[in-house]
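> Numbering-wise, the sequence shown is residues 38 to 278 according to our numbering.
Glycine included, each C-beta is placed from N, C-alpha and C at the ideal position.
Here it is, the structure in full.
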Amino acid sequence: MAAPRGRSHSTRSATTGWRWAFPARSGESALTRVSDIYSRTGGGGPMRQTVVTLRFMPLVGLIVLMGLTTHTLDAQDPVATMYDDQVTLVENEVVSLSEAMPADAYDFAPTEGRFGGVRSFGEQVTHLATMIYMTSALVLEERSPYGPGTHNNGPDDLRSKDDVLRYLTDAIAYARRAVSTLTVDNHLDPVPSAFGSMPRSAVAAGIAFHSFNHYGQMVVYARMNGIVPPASVPTADEPVR
Numbered sequence: 038m039a040a041p042r043g044r045s046h047s048t049r050s051a052t053t054g055w056r057w058a059f060p061a062r063s064g065e066s067a068l069t070r071v072s073d074i075y076s077r078t079g080g081g082g083p084m085r086q087t088v089v090t091l092r093f094m095p096l097v098g099l100i101v102l103m104g105l106t107t108h109t110l111d112a113q114d115p116v117a118t119m120y121d122d123q124v125t126l127v128e129n130e131v132v133s134l135s136e137a138m139p140a141d142a143y144d145f146a147p148t149e150g151r152f153g154g155v156r157s158f159g160e161q162v163t164h165l166a167t168m169i170y171m172t173s174a175l176v177l178e179e180r181s182p183y184g185p186g187t188h189n190n191g192p193d194d195l196r197s198k199d200d201v202l203r204y205l206t207d208a209i210a211y212a213r214r215a216v217s218t219l220t221v222d223n224h225l226d227p228v229p230s231a232f233g234s235m236p237r238s239a240v241a242a243g244i245a246f247h248s249f250n251h252y253g254q255m256v257v258y259a260r261m262n263g264i265v266p267p268a269s270v271p272t273a274d275e276p277v278r
């Protein structure tokens, strides 16, 4: 890739943003299942009802226990699930576009109009990945595996498309590890950031928010090179997005 370009700006390691996501629904109520089992016995008077009740008591206990266990698992770390969904969205769109752009276009940067001095396509990817690393490190409260580098574009030795893609996918894996630590109990805990103390979940939101800022710029670069972003390829029954 060419020498790093782009205006230097402060490391925006976190910013606010959100995407609606919902945890999986709990399983069928244990009481509903027991009621259904009992209704199929056909009644038969107090004695039969007593026998049926006693016969199914062990089953009732097992079903209730299974229901409670299922509910507990479904409700476990809904915050982590929500933010992992955001990371998945970044992975699906950013990685696919980075793969679709030809290797010889990674040095491309628009020059017309007000585009002078902007990052190349490859630098957009490495900058995005670097900020994923640094933001995720804040969530984990540990040192980032990579520093900001020149103009916040990460390591200077990322030259080939393969190197850049590996750096990006490794950053996304690191982000998944970071958001997996978020829980209902700790997501509002304050962590230090470039903007002062912020809730851990607000910092984590920066992973997707900042990534899609630069994804939008990458889309322009790709279309200028005749590449339709894979996430925007229409199906037979819908228009081009």
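With distances taken between CB atoms, is the gap from residue 167 to residue 186 smaller than 8 Å?
Yes, these two residues count as a Cβ contact at 8 Å.
> Buried or exposed for residue 152, please, with buried defined as at least 16 other CB atoms from any protein chain shown within 10 angstroms of its CB.
Residue 152 is exposed by the Cβ-count criterion.
> Pull up the distance between the alpha-carbon of residue 174 and that of residue 274, whole angstroms please.
Roughly 42 Å separates the two Cα atoms.
> Would you call the CB atoms of residue 131 and residue 211 closer than 8 Å?
Not a contact, by the Cβ cut-off of 8 Å.
> Do the region 198–210 and the region 259–274 meet, that is, are 3 or more Cβ pairs less than 8 Å apart?
Taking 8 Å as the limit for Cβ pairs, the verdict is that the region 259–274 does not touch the region 198–210.
> I need the straight-line Cα distance from residue 141 to residue 179, nearest angstrom please.
Taking the straight line joining both Cα atoms gives about 36 Å.
> Answer with buried or exposed for residue 196, where buried requires no fewer than 16 other C-beta atoms within 10 angstroms of its C-beta.
Exposed.
> Please report the residue range of the alpha helix (DSSP H) in which residue 251 lies.
Here the alpha helix (DSSP H) through residue 251 covers 237–261.
> Report yes if the CB atom of residue 184 is closer than 8 Å to the CB atom of residue 204, and no otherwise.
Not closer than 8 Å, so no.
> Are residue 219 and residue 114 closer than 8 Å when you measure CB to CB?
Yes, Cβ-Cβ distance for residue 219 and residue 114 is below 8 Å.
> May I have the straight-line CA-CA distance separating residue 237 from residue 265, to the nearest angstrom?
Approximately 36 Å, taken between the alpha carbons.
> Label residue 248 either buried or exposed according to how many other C-beta atoms from any shown protein chain fall within 10 Å of its C-beta, with 16 as the threshold for buried.
It is buried - the Cβ of residue 248 has at least 16 other Cβ atoms within 10 Å.
> Using CA coordinates, which residue listed in 129, 146 and 136 is at the minimum distance from residue 261?
Among 129, 146 and 136, the Cα nearest to that of residue 261 is on 146.
> Tell me the residue span of the alpha helix (DSSP H) that contains residue 115.
Per DSSP, residue 115 belongs to the alpha helix (DSSP H) from 115–127.
> Report the residue from 157, 118, 189 and 158 whose alpha carbon sits nearest the alpha carbon of residue 170.
The shortest Cα separation from residue 170 among 157, 118, 189 and 158 belongs to 189.
> Could you give the DSSP three-state label for residue 192: helix, strand or coil?
Correct three-state label for residue 192: coil.
> Could you give the distance in angstroms between the alpha-carbon of residue 245 and the alpha-carbon of residue 198?
Going from the Cα of residue 245 to the Cα of residue 198 covers about 22 Å.
> Quick one: grab the DSSP three-state call for residue 212.
Residue state, collapsed to three classes: helix.
> Excluding the 5 residues flanking residue 215 on each side, which residues of the same chain have their C-beta closer than 6 Å to its C-beta?
Same-chain partners within the cutoff: 173, 176 and 177.
> So residue 239 packs on residue 120, CB below 8 Å; how close in whole Å?
Contact doesn't hold; Cβ gap of about 11 Å is too wide.
> Using only CA atoms, which one of 193, 268, 222 and 243 lies nearest to residue 231?
Among 193, 268, 222 and 243, the Cα nearest to that of residue 231 is on 243.
> Please state whether the Cβ-Cβ distance between residue 254 and residue 161 is less than 8 Å.
Cβ atoms of residue 254 and residue 161: closer than 8 Å.
> Report the residue ranges of all alpha helix (DSSP H) runs contained in full by the region 127–182; include only those spanning at least 4 residues, in chain order.
List check, alpha helix (DSSP H) in window: 133–137 and 158–177.
> As a quick exercise: from 149, 222 and 144, pick the residue whose alpha carbon is nearest that of residue 163.
Of the listed residues, the one whose Cα sits closest to residue 163 is 144.
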